[in-house]
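Number of protein chains: 2
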Amino acid sequence: MDIDEILDSVSLIHEDPKAILKSYTKEVNFPKGHLLLHAQKCEKSIYFIKKGIVRAYSNTAENEVTFWFGKEGDAVISMKSYIANQPGYENIELLENSCFYEMNNTELQKLYNEHIEIANWGRKFAENELLKTEERLISRQFRTASERYDELLKNHPHLVQRVQLSHIASYLGITQVSLSRIRAAKN
Amino acid sequence: MDIDEILDSVSLIHEDPKAILKSYTKEVNFPKGHLLLHAQKCEKSIYFIKKGIVRAYSNTAENEVTFWFGKEGDAVISMKSYIANQPGYENIELLENSCFYEMNNTELQKLYNEHIEIANWGRKFAENELLKTEERLISRQFRTASERYDELLKNHPHLVQRVQLSHIASYLGITQVSLSRIRAAKN
DNA sequence: AAGAAAATTTTACAAATGTTAAATAATGAG
DNA sequence: CTCATTATTTAACATTTGTAAAATTTTCTT
Numbered sequence: 001m002d003i004d005e006i007l008d009s010v011s012l013i014h015e016d017p018k019a020i021l022k023s024y025t026k027e028v029n030f031p032k033g034h035l036l037l038h039a040q041k042c043e044k045s046i047y048f049i050k051k052g053i054v055r056a057y058s059n060t061a062e063n064e065v066t067f068w069f070g071k072e073g074d075a076v077i078s079m080k081s082y083i084a085n086q087p088g089y090e091n092i093e094l095l096e097n098s099c100f101y102e103m104n105n106t107e108l109q110k111l112y113n114e115h116i117e118i119a120n121w122g123r124k125f126a127e128n129e130l131l132k133t134e135e136r137l138i139s140r141q142f143r144t145a146s147e148r149y150d151e152l153l154k155n156h157p158h159l160v161q162r163v164q165l166s167h168i169a170s171y172l173g174i175t176q177v178s179l180s181r182i183r184a185a186k187n
Numbered sequence: 001m002d003i004d005e006i007l008d009s010v011s012l013i014h015e016d017p018k019a020i021l022k023s024y025t026k027e028v029n030f031p032k033g034h035l036l037l038h039a040q041k042c043e044k045s046i047y048f049i050k051k052g053i054v055r056a057y058s059n060t061a062e063n064e065v066t067f068w069f070g071k072e073g074d075a076v077i078s079m080k081s082y083i084a085n086q087p088g089y090e091n092i093e094l095l096e097n098s099c100f101y102e103m104n105n106t107e108l109q110k111l112y113n114e115h116i117e118i119a120n121w122g123r124k125f126a127e128n129e130l131l132k133t134e135e136r137l138i139s140r141q142f143r144t145a146s147e148r149y150d151e152l153l154k155n156h157p158h159l160v161q162r163v164q165l166s167h168i169a170s171y172l173g174i175t176q177v178s179l180s181r182i183r184a185a186k187n
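Protein chains in written order, with full-length UniProt numbering: chain A, 1 to 187; chain B, 1 to 187.
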């Protein structure tokens, strides 16, 4: 997924301000297993996935909890860092060799104050991410683990082959044994 | 909480653009029990709470699930309506006689395209709401019902006296009987 | 203040989910 | 291809949470 498509999918933007945005973007590659963002660290950059799959997880006292999966076109970002300049929740691990568009946070903030179209692009970016986060919250509050498993299969069809079921179980908020029971019941 | 304090708490903004924003704001009052926003309906306005407490809930096939409580300074808003012009999830019920600042969505969108400071104020607004929503999601994913009950007491100390425990239980994602057990264990 | 209604807690039991460990299946290295 | 390693499923049992109903407490009305 190329940069034009990604920027436009956030919000349509004229060529001139888009060219400015793009000039602050650079392409970076990392191998499977690489940690792109680190929990408890204030991250300086945000990323958009050109190619690849990633997962976000946090370590608790007892175990590791996966709370998000990202794919082509998705933003990989610590919102706490981006918005509040504070350490974030997420470790982001690459589930395959991946390619990203990287933007520096400080430079982006500067652009927001200089170009109204870029400011509104940034506004739409936050708004879109907000809708997605709200949808995740609603999903957790209103749907069972089994329903959310179906959702996950639908939104990330290739994921189940590539990710350990223990990660998916923690994403669903259940144990791996429970997930096995859910899967068994679907056959 | 007055309008200046609310607007500034979203993001500091100079007097001129703030005056413009304020000129599009009007004060409205409604009694306890009033439904301010309606699920499955595209809402035309957003509100900020000057005085009062509200709760957001959705009806499922079986029952009613409360998923948010709002207090002074909070935005009462259907994000789906505000951002995507689509019907939202939330019924918003007033838990006491309340006073709001109302802004019309269409007019606000127009201002975003005309004034860069207002565009960036709107960006910060979405970003702040995003952080709050993310915090709610993290809370649900990483904390037990008992811990979330403590959080709720801390964030909304006056709430427990004013809201039925069945609403709080559904907010926590447990039954009222379980909540009673949790409360009993804390004494 | 008394009685009725509503809200909350408690009880007893059922159902669902977690825990631990063993069995089976899948993956990868040599 | 075979063996060793890792991942997943299954089984047995313990614990937690839900359900339904009764008991108690609180709130509201008169």
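Cβ atoms here follow ideal geometry from the backbone N, Cα and C, with glycine treated the same way.
Quick test of your reading: residue i and residue j, contact by CB under 8 Å. State the CB separation rounded to the nearest angstrom.
i	j	result
E102(A)	S45(A)	5 Å
I20(B)	I118(B)	7 Å
H34(B)	L95(B)	So it is not a contact: roughly 10 Å between Cβ atoms.
N91(A)	N120(B)	That pair is no contact at about 31 Å.
S23(A)	G52(A)	Not a contact, Cβ separation roughly 24 Å.
K50(B)	M1(B)	6 Å
R123(A)	A126(B)	6 Å
L137(A)	L137(B)	5 Å
V163(A)	F100(A)	That pair is no contact at about 19 Å.
Could you give the DSSP three-state label for residue i: helix, strand or coil?
i	result
K26(A)	strand
V163(A)	coil
K154(A)	helix
D8(B)	helix
N187(B)	coil
R140(B)	helix
G122(B)	helix
T133(A)	helix
D16(A)	helix
I174(B)	coil
Here's the rule I'm using: 16 or more other beta-carbon atoms within 10 Å means buried, otherwise exposed. How should residue i be labelled?
i	result
G88(A)	buried
residue 189(B)	This structure does not reach residue 189(B), given that chain B is present from 1 up to 187, and the question cannot be answered.
K186(A)	exposed
N155(A)	exposed
L37(A)	buried
P157(B)	exposed
S78(A)	buried
Q141(B)	buried
G73(A)	exposed
E107(A)	exposed
A75(B)	buried
E64(B)	exposed
V177(B)	exposed
V54(B)	buried
E134(B)	buried
Less than 8 Å separating the Cβ of residue i from some heavy atom of the ligand ADP?
i	result
T133(B)	With respect to the ligand ADP, the structure shown offers nothing to examine, as it has no ligands at all.
Give a yes or no on contact between the region 6-19 of chain A and the region 32-47 of chain A, applying the rule of three or more CB pairs nearer than 8 Å. Under the Cβ criterion (8 Å, minimum of three pairs), the region 6-19 of chain A does not count as touching the region 32-47 of chain A.
Those runs of the beta strand (DSSP E) which lie wholly inside the UniProt domain "Cyclic nucleotide-binding" (28-115) of chain A and span at least 3 residues: The UniProt domain "Cyclic nucleotide-binding" (28-115) of chain A contains these whole beta strand (DSSP E) runs: 35-37, 45-51, 54-59, 64-70, 91-94 and 98-104.
Any chance the region 77-86 of chain A sits against the region 130-142 of chain B, with 3 or more Cβ pairs inside 8 Å? Taking one beta carbon from each stretch, the region 77-86 of chain A and the region 130-142 of chain B have 3 or more pairs nearer than 8 Å; the two touch.
Report yes or no: do the region 160-172 of chain A and the region 64-83 of chain A share at least 3 C-beta pairs separated by less than 8 Å? When Cβ pairs closer than 8 Å are counted between the two stretches, the region 160-172 of chain A is seen to touch the region 64-83 of chain A, the count reaching three or more.
Any chance the region 137-154 of chain A sits against the region 53-66 of chain A, with 3 or more Cβ pairs inside 8 Å? Counting Cβ pairs under 8 Å, fewer than three are found: no touch.
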